[in-house]
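Residue 74 in our numbering sits at position 68 of the first sequence, and the numbers go up by one each step.
The block underneath contains the structure these notes are about, expressed in structure tokens.
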Amino acid sequence: MRASQFFISTLKEAPSDAEIVSHQLMLRAGLIRRLAGGIYTWMPLGLRVLRKVEAIVREEMNRAGAIELLMPAVQPAELWQESGRWEQYGPELLRFKDRHQRDFVVGPTHEEVITDVVKRDIRSYRQLPRHFYQIQTKFRDEIRPRFGVMRGREFLMKDGYSFHASFEDLKREYGNMFETYTRIFTRLGLSFRAVAADPGSIGGTGSHEFHVLADSGEDAIAFCPASDYAANVELAEAVAPAQPRQAPTKAMQEVATPGKIKCADVAEFLGTGIESMVKAIAIMREAEANPFALILLRGDHDLNEIKAQKIVGRFRFAADAEIEQHLGCRPGYIGPIGTDNVAIFTDRTVALMSDFVCGANKPGFHLTGVNFARDLPEVANVADFRNVVAGDPSPDGKGRLELCRGIEVGHIFQLRTKYSEALKCSFLNEEGQPQIMEMGCYGIGVSRIVGAAIEQGHDARGIVFPRAIAPFEIVIVPVGFGKCVAVREEAKRIYDELSAAGMDVILDDRDERPGVMFADWELTGIPHRVVIGERGLKEGMAEYQSRTETEAVKVPLSKIVAFAQLKVCG
RNA sequence: CGGGGCGUAGCGCAGCCCGGUAGCGCGCUUGGUUUGGGACCAAGAUGUCGGAGGUUCGAAUCCUCUCGCCCCGACCA
Numbered sequence: 007m008r009a010s011q012f013f014i015s016t017l018k019e020a021p022s023d024a025e026i027v028s029h030q031l032m033l034r035a036g037l038i039r040r041l042a043g044g045i046y047t048w049m050p051l052g053l054r055v056l057r058k059v060e061a062i063v064r065e066e067m068n069r070a071g072a073i074e075l076l077m078p079a080v081q082p083a084e085l086w087q088e089s090g091r092w093e094q095y096g097p098e099l100l101r102f103k104d105r106h107q108r109d110f111v112v113g114p115t116h117e118e119v120i121t122d123v124v125k126r127d128i129r130s131y132r133q134l135p136r137h138f139y140q141i142q143t144k145f146r147d148e149i150r151p152r153f154g155v156m157r158g159r160e161f162l163m164k165d166g167y168s169f170h171a172s173f174e175d176l177k178r179e180y181g182n183m184f185e186t187y188t189r190i191f192t193r194l195g196l197s198f199r200a201v202a203a204d205p206g207s208i209g210g211t212g213s214h215e216f217h218v219l220a221d222s223g224e225d226a227i228a229f230c231p232a233s234d235y236a237a238n239v240e241l242a243e244a245v246a247p248a249q250p251r252q253a254p255t256k257a258m259q260e261v262a263t264p265g266k267i268k269c270a271d272v273a274e275f276l277g278t279g280i281e282s283m284v285k286a287i288a289i290m291r292e293a294e295a296n297p298f299a300l301i302l303l304r305g306d307h308d309l310n311e312i313k314a315q316k317i318v319g320r321f322r323f324a325a326d327a328e329i330e331q332h333l334g335c336r337p338g339y340i341g342p343i344g345t346d347n348v349a350i351f352t353d354r355t356v357a358l359m360s361d362f363v364c365g366a367n368k369p370g371f372h373l374t375g376v377n378f379a380r381d382l383p384e385v386a387n388v389a390d391f392r393n394v395v396a397g398d399p400s401p402d403g404k405g406r407l408e409l410c411r412g413i414e415v416g417h418i419f420q421l422r423t424k425y426s427e428a429l430k431c432s433f434l435n436e437e438g439q440p441q442i443m444e445m446g447c448y449g450i451g452v453s454r455i456v457g458a459a460i461e462q463g464h465d466a467r468g469i470v471f472p473r474a475i476a477p478f479e480i481v482i483v484p485v486g487f488g489k490c491v492a493v494r495e496e497a498k499r500i501y502d503e504l505s506a507a508g509m510d511v512i513l514d515d516r517d518e519r520p521g522v523m524f525a526d527w528e529l530t531g532i533p534h535r536v537v538i539g540e541r542g543l544k545e546g547m548a549e550y551q552s553r554t555e556t557e558a559v560k561v562p563l564s565k566i567v568a569f570a571q572l573k574v575c576g
């Protein structure tokens with residue numbers, strides 16, 4: 007490719023609404039342009055990246071035995087009504103009416119459509135298993151689209167659906183996809199981690215998320231460096247401390263803590279550690295006749311609403327007025343003492359605390375030296391209510407957890423019969439009896455991967471793309487292209503030879519000033535660069551520099567092609 | 001949805017409080033000089049000041065409505 011025949015449109019300054027580096031750099035490098043909130047045009051340079059990601063995904067899916075098809079982006083409402091998601095899926099589902107006033111949706115996912123296809127075309131166990139996938143533009147009307155292509159409303163996704171005669175076979179394909187995804191993200195040149203997304207059901211194999219590791223990631227991940235345990239923080243189990251509760255050593259005492267509301271402030275004021283604080287979170291349970299309840303957590307721990315929901319049922323946080331009504335005290339000083347008619351739930355960690363500090367249910371006062379069984383009833387309703395924190399024991403018993411952040415780029419599920427049942431997708435088994443198919447579902451956020459790769463690979467000069475997805479593998483920068491015949495000839499020669507060798511090469515024949523060219527190619531993240539200039543030509547030298555290095559090396563003109571080839575393929 | 005902020009040239013911003021008919025940097029055009037790290041000089045072009053309505057002799061500026069975009073939203077218990 008010649009730069010003059012292509013379209014390079016870089017920006018010195020990023021538009022002010024771009025928040026994270028990948029978004030800023032994608033805009034500056036001219037990879038994407040915004041059309042509306044969460045909706046972007048892929049510019050020629052960006053499209054090359056997107057297509058490379060797509061190609062790798064496609065190759066590996068095909069290799070794994072999945073079959074590509076393409077389903078409509080627009081789907082009739084009937085299918086969604088049948089599966090029940092017409093009601094379930096909130097405003098995120100973009101709905102509209104056609105000219106005949108019939109309801110349609112712009113597909114955010116395709117379980118309904120694929121299940122419909124399969125139930126029409128597959129009748130016998132002899133036709134199973136089958137795995138269909140597509141790479142297609144989806145639309146989800148996100149409440150808050152942000153981070154450019156990372157959380158857009160319109161995005162490119164690979165979604166695959168497998169159909170099986172037995173759960174055993176579904177598990178087999180699930181394992182196959184786990185390996186395939188691992189291969190895909192490895193080939194893409196990304197640092198990633200497979201994370202258990204649903205450890206509660208089916209022994210931790212029911213669902214895995216694949217995360218690209220990046221500090222700006224939206225998801226918090228707990229992982230164990232000593233084993234392969236990794237889980238979304240929301241789902242990671244906070245294991246109960248092994249040691250028994252210590253016996254009380256202090257008497258309960260009321261202390262004035264004026265104006266100290268936050269646990270950290272109270273702990274500091276009292277000169278104790280925050281680990282000896284217990285905080286009470288007031289909730290209202292929807293299904294209970296007596297909805298008001300307290301959940302006790304250690305001062306430095308955070309409530310995990312998903313876990314809590316599973317234990318106490320649906321709930322919301324109590325309003326200040328409700329707290330006053332039940333405890334006669336304003337938030338900030340509430341605690342579990344003297345709360346006769348209030349249900350109390352206790353986190354595992356709290357259940358093993360003694361001599362702790364908590365609110366006195368009296369404005370401006372806390373209690374110290376509080377102990378279960380003595381100052382308040384023995385603990386009841388003990389469960390895991392909190393988010394894990396770094397240093398917690400790993401649930402697999404093999405060391406301690408660490409936390410990191412990730413960007414979810416892949417997700418594999420064992421759907422089982424949720425959709426096949428709703429949409430009556432069955433086949434005739436060996437006995438000639440109708441049987442509901444088992445389904446698996448496997449997604450990869452193709453466009454999101456581009457953003458994630460940039461989050462992971464950038465420096466002060468711009469993007470640093472992995473070779474596999476860089477828009478070009480190598481750029482030839484001739485200094486004085488328009489002026490010096492020798493430079494021009496030599497640059498073309500090297501360009502031709504590298505092209506002939508199968509390299510994805512771009513020749514910058516725009517005759518720009520060197521500084522402009524260098525800045526552009528560094529911004530756009532081209533991994534390798536060869537510079538040809540009059541100066542070097544006199545010595546019979548060209549220069550090579552990798553995007554990740556700051557110094558160029560001189561290479562004799564006669565060897566530069568072979569040298570560059572070696573570097574690119576390195 | 002609740003709260004906050006912003007819409008002025010392609011991009012980044014000033015001007016608004018205190019009304020008087022719009023400016024800076026980058027980019028763009030033309031000419032010249034330059035040519036190994038986002039050049040310099042000169043001359044230019046580009047705005048329904050997001051939209052509608054109102055107040056006023058006069059509105060980017062004040063008022064009302066509207067549209068768009070951005071940010072924040074358990075960690076007080």
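Beta carbons: idealized from backbone N, C-alpha and C, even for Gly.
So what does DSSP say about residue i, is it helix, strand or coil?
| i | result |
| --- | --- |
| Arg494 | helix |
| Val376 | strand |
| Asn296 | coil |
| Leu33 | helix |
| Asp502 | helix |
| Ser10 | helix |
| Tyr167 | strand |
| Ser130 | strand |
| Arg101 | strand |
| Arg473 | helix |
| Ser207 | Below a pLDDT of 50, predicted positions are generally treated as unreliable, and Ser207, at 42, falls in that range; the measurement from the model is reported next regardless. Coil at Ser207, not helix or strand. |
| Pro401 | coil |
| Gly365 | strand |
| Cys575 | helix |
| Lys316 | helix |
| Thr263 | coil |
| Asn310 | coil |
Please report the residue range of the alpha helix (DSSP H) in which residue i lies.
| i | result |
| --- | --- |
| Val272 | Cys269 to Leu276 |
| Ala237 | Per DSSP, Ala237 belongs to no alpha helix (DSSP H); it is in the beta strand (DSSP E), Ala236 to Asn238. |
| Arg64 | Pro50 to Arg69 |
| Thr115 | Thr115 -> no alpha helix (DSSP H), and no H or E assigned at all. |
| Thr192 | Phe173 to Arg193 |
| Val537 | Unbroken run through Val537 is the beta strand (DSSP E), His534 to Gly539; no alpha helix (DSSP H). |
| Arg150 | Per DSSP, Arg150 belongs to no alpha helix (DSSP H) and is neither H nor E. |
Using the beta-carbon count (16 or more within 10 Å), is residue i buried or exposed?
| i | result |
| --- | --- |
| Val574 | buried |
| Arg535 | buried |
| Val561 | buried |
| Arg322 | exposed |
| Ala273 | buried |
| Ala42 | exposed |
| Thr255 | exposed |
| Leu194 | buried |
| Arg392 | buried |
Hey, quick one: how far does the beta strand (DSSP E) through residue i stretch, first residue to last?
| i | result |
| --- | --- |
| Arg40 | Ile38 to Ala42 |
| Tyr550 | Met547 to Ser552 |
| Lys285 | Val284 to Arg291 |
| Ser432 | Ser432 to Leu434 |
| Val483 | Ile480 to Val485 |
| Leu409 | Glu408 to Arg422 |
| Phe391 | Element bounds for Phe391: n/a, residue is neither H nor E. |
| Pro82 | Val80 to Pro82 |
| Thr352 | Ala349 to Asp353 |
| His214 | Ser213 to Leu219 |
Have a look at the options and flag the residue whose alpha-carbon is nearest the alpha-carbon of residue i.
| i | options | result |
| --- | --- | --- |
| Asp221 | Cys410, Val55 and Gly166 | Cys410 |
| Thr143 | Leu134, Phe161 and Val155 | Phe161 |
| Asn310 | Ala244, Gln462, Ala459 and Leu382 | Ala244 |
| Glu545 | Met283, Ala492 and Val201 | Ala492 |
| Thr16 | Glu66, Tyr501 and Gly468 | Gly468 |
| Leu51 | Asp526, Pro342 and Thr278 | Asp526 |
| Gln252 | Lys177, Ser360, Gly305 and Arg199 | Ser360 |
| Leu382 | Ala357, Gln107, Glu414 and Pro399 | Ala357 |
Count the CB pairs spanning the region 431-439 and the region 122-135 that are closer than 8 Å, and state whether there are at least three.
-> In short, these stretches touch, since the Cβ pair count reaches three.
Does the pairing of the region 478-493 with the region 74-89 give three or more beta-carbon distances under 8 Å?
-> Because the criterion of three Cβ pairs below 8 Å is not met, the region 478-493 and the region 74-89 do not touch.
Should the region 162-176 be regarded as contacting the region 134-154, the criterion being three or more beta carbon pairs within less than 8 Å?
-> Yes, the region 162-176 touches the region 134-154.
Cβ contact (3+ pairs, closer than 8 Å) linking the region 457-472 and the region 565-572 = Contact between the region 457-472 and the region 565-572 is not established, with fewer than three Cβ pairs separated by less than 8 Å.
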